[in-house]
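Counting from -1, one number per residue, gives the positions in the sequence shown under the working numbering.
From the three backbone atoms N, C-alpha and C, an ideal C-beta is built for every residue, glycine too.
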Amino acid sequence: MIVRGHETLLVQGITGKQGTFWADKMREYGTKVIGGVNPKKAGQVHLDLPVWGSAVDAAGDTGVDCSVLFIPPLGVKAAALDAIEAGIPKVVIMTEHVPVQDVMYVMAAAREAGTRIIGPNTAGLVTPGECFVGFMPAFNQRIFQVGNVGVISRSGSLGTLVCLNLVQAGLGISAFVGIGGDPVIGTTTRDALQSLDEDDRTDAIAMVGEIGGKMEEAAAEYAAGMSKPIAAFIAGAASPPGKKMGHAGAIVMGASGSYEGKKAALEAGGISVTPTPSFVPGILKERLGACA
């Protein structure tokens, strides 16, 4: 699910306020935005780019490697299914508050078609120096510099903070993968971890997790067989059990998904768990030095 500079991007919802703003920012950064989709404005030109009536129409006219959805919650199902039908291999869903039943339907269709879904409720993907998809501030050099640390985050804001801390410490980012904070998402922490493990440009990994669910525990099982150093920060250490905190996925039921449970699982998998994000760079520097 790492996005590369040579990949073409279709923006579904390009004529809306957010779609317009971020399509322009992505293209300015170097992302190969080929156009957008709005069924009501098919055939028009927006931002000097073509607007198609559907992703299927766009894919029929030109190759599409990735699609990003700036679509209202109730329109996500139809737009995502359109992208899947078009055969687009990566679909990034920015939208939050998508009905869970719609998400589950989309995920089933994506699995059947072999489409990779990132999100919903994701901040997007960044490959510094090449391209970005979504609304992470890739263009801010205080936050994103080219380097060898891959970053995985359920939270866009905490992911941004970790990237800032890494750059301030003299490290750089190989790839950022925002998986999203909803309880049902297309790309899990484990999926992202495997992708960065297989990436030749990534030598170390920073992971930002949250209480709730079991994604970090599943990632820890995979991490146990890795050689790349990993440091993790888990948000929600002080949250009371049984309460939903912020993200829809951040809810703890009994011992399942608790901070203590996640910390223990991650440490058992060889992952260093830090008390705050600011400790992540120092641990990775130390562990990278030990690997040299």
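1) Once you ignore the five residues that flank Q192 on each side, which residues in its own chain have a CB closer than 8 Å to its CB?
2) If you follow the beta strand (DSSP E) that T300 is part of, which residue opens it and which one closes it?
3) Can you give me the Cβ contacts of D100 inside the same chain, cut-off strictly under 7 Å, excluding the 5 residues immediately before and after it?
4) Mind pulling the alpha helix (DSSP H) runs of 4 or more residues that sit fully within the segment 87 to 138?
5) So, is L264 buried or exposed, given that buried needs 16 or more other C-beta atoms within 10 angstroms?
6) Does the distance between the C-beta of E208 and the nearest non-hydrogen atom of the ligand PLP fall short of 7 Å?
7) Could you tell me whether the Cβ atoms of K30 and T60 are closer together than 8 Å?
8) Which class does A78 belong to by DSSP, given the choice of helix, strand or coil?
9) At which residues does the alpha helix (DSSP H) containing E208 begin and terminate?
10) Taking DSSP as the reference, what is the three-state secondary structure of K226?
11) Using CA atoms only, rank isn't needed, just tell me which of C64, V160, D80 and V104 is closest to H87.
12) Check whether the segment 153 to 171 touches the segment 181 to 199, counting contact only when three or more Cβ pairs, one atom from each stretch, lie closer than 8 Å.
13) Starting from the Cα of V182, find the closest Cα among G210, V175 and A202 and give me that residue.
14) Keeping to the same chain, check which residues put their C-beta closer than 6 Å to that of I82; ignore five residues upstream and five downstream.
15) To the nearest angstrom, report how far apart G41 and L47 are at their CA atoms.
16) Express the C-alpha separation of E215 and R199 in angstroms, rounding to a whole number.
17) Taking the beta strand (DSSP E) that S65 falls in, what are its first and last residues?
18) Quickly, what does DSSP pair D10 with across the bridge? List them, please.
19) So the candidates are G127, V66, G132 and I115; which of them puts its Cα closest to the Cα of A121?
20) Between the alpha carbons of V278 and A229, how many angstroms are there, rounded?
21) I'd like the span of the alpha helix (DSSP H) that includes A173, first residue to last.
22) What did DSSP end up calling V43 once you bin it into helix, strand or coil?
23) Among residues of its own chain, excluding the 5 on either side of I115, which ones have a beta-carbon nearer than 6 Å to its beta-carbon?
24) Buried or exposed for V206, going by 16 or more other Cβ atoms inside 10 Å?
25) If you run the structure through DSSP and keep just helix, strand and coil, what is K30?
26) Could you tell me which of H95, R2 and G85 sits nearest to S52, measuring between CA atoms?
27) Going by DSSP in three states, A263 sits in which element: helix, strand or coil?
28) Quick check on G17: does DSSP put it in helix, strand or coil?
If we stick to the structure as given:
1) Looking up residue 192 in the sequence shown gives position 194. Answer for Q192: Y220, listed in chain order.
2) Since the first residue shown for the chain is -1 and the last is 290, residue 300 is missing from the structure and cannot be characterised.
3) Reading the sequence shown from its first residue, position 102 is the one you call residue 100. These residues qualify, in order along the chain: V74 and K75.
4) 98 to 111
5) The residue given as residue 264 occupies position 266 in the sequence shown. Buried, by the Cβ-count rule.
6) Looking for the ligand PLP in the displayed structure turns up nothing, as the structure carries no ligands at all.
7) Sequence index remark: in the sequence shown, residue 30 carries index 32 (1-based). Sequence index remark: in the sequence shown, residue 60 carries index 62 (1-based). Their beta carbons are not under 8 Å apart, which means K30 does not touch T60 by this criterion.
8) The residue given as residue 78 occupies position 80 in the sequence shown. Here A78 sits in helix by DSSP.
9) On the sequence shown, residue 208 is found 210 positions in, with the first residue counted as 1. Looking at the DSSP string, E208 is not in any alpha helix (DSSP H); the run it does join, the beta strand (DSSP E), is A202 to E208.
10) Counting from 1 along the sequence shown, the entry for residue 226 is found at position 228. Residue state, collapsed to three classes: coil.
11) For the purposes of this step, residue 87 is taken as residue 89 along the sequence shown, with counting starting at 1. The residue you asked about is not His; residue 87 is Pro in the sequence shown. Ranking C64, V160, D80 and V104 by Cα distance to P87 puts C64 first.
12) Not touching, per the Cβ criterion.
13) Here residue 182 is taken as the residue at index 184 of the sequence shown, counted from 1. Ranking the options by Cα distance to V182, first place goes to G210.
14) As a working mapping, residue 82 is identified with position 84 in the sequence shown. If we look at I82 and ignore the five residues flanking it on each side, its Cβ neighbours are A107, A108, A111 and T113.
15) As a position in the sequence shown, residue 41 is number 43, starting the count at 1. As a position in the sequence shown, residue 47 is number 49, starting the count at 1. Near 10 Å, if we compare the C-alpha coordinates of L47 and G41.
16) Reading the sequence shown from its first residue, position 201 is the one you call residue 199. Reading the sequence shown from its first residue, position 217 is the one you call residue 215. The alpha-carbon atoms of R199 and E215 are separated by roughly 25 Å.
17) Your numbering for residue 65 matches position 67 in the sequence shown. Per DSSP, S65 belongs to the beta strand (DSSP E) from C64 to L67.
18) For the purposes of this step, residue 10 is taken as residue 12 along the sequence shown, with counting starting at 1. For the sequence presented, residue 10 should be read as Gln rather than Asp. DSSP, once it has assigned bridges, lists V35 and L67 as partnering Q10.
19) As a first step, residue 121 must be located in the sequence shown, where it is residue number 123. The shortest Cα separation from A121 among G127, V66, G132 and I115 belongs to G132.
20) The sequence position of residue 278 within the sequence shown is 280, counting from 1. The sequence position of residue 229 within the sequence shown is 231, counting from 1. Approximately 6 Å, taken between the alpha carbons.
21) Numbered from its first residue, the sequence shown carries residue 173 at position 175. Not the alpha helix (DSSP H): A173 falls in the beta strand (DSSP E), residues I171 to G176.
22) Residue 43 sits at position 45 when you count from the first residue of the sequence shown. Here V43 sits in strand by DSSP.
23) As a position in the sequence shown, residue 115 is number 117, starting the count at 1. If we look at I115 and ignore the five residues flanking it on each side, its Cβ neighbours are V89, A108 and G184.
24) Locating residue 206 in the sequence shown gives position 208, where the first residue counts as 1. V206 should be labelled buried.
25) The residue given as residue 30 occupies position 32 in the sequence shown. The answer is strand: DSSP assigns K30 an E or B state.
26) Numbered from 1 along the sequence shown, position 54 holds the residue referred to as residue 52. Cα-wise, what sits closest to S52 is G85.
27) Working through the sequence shown from its first residue, we reach residue 263 at position 265. Correct three-state label for A263: helix.
28) Taking the sequence shown and counting its residues from 1, one reaches residue 17 at position 19. Note: G17 maps to helix in three-state DSSP.
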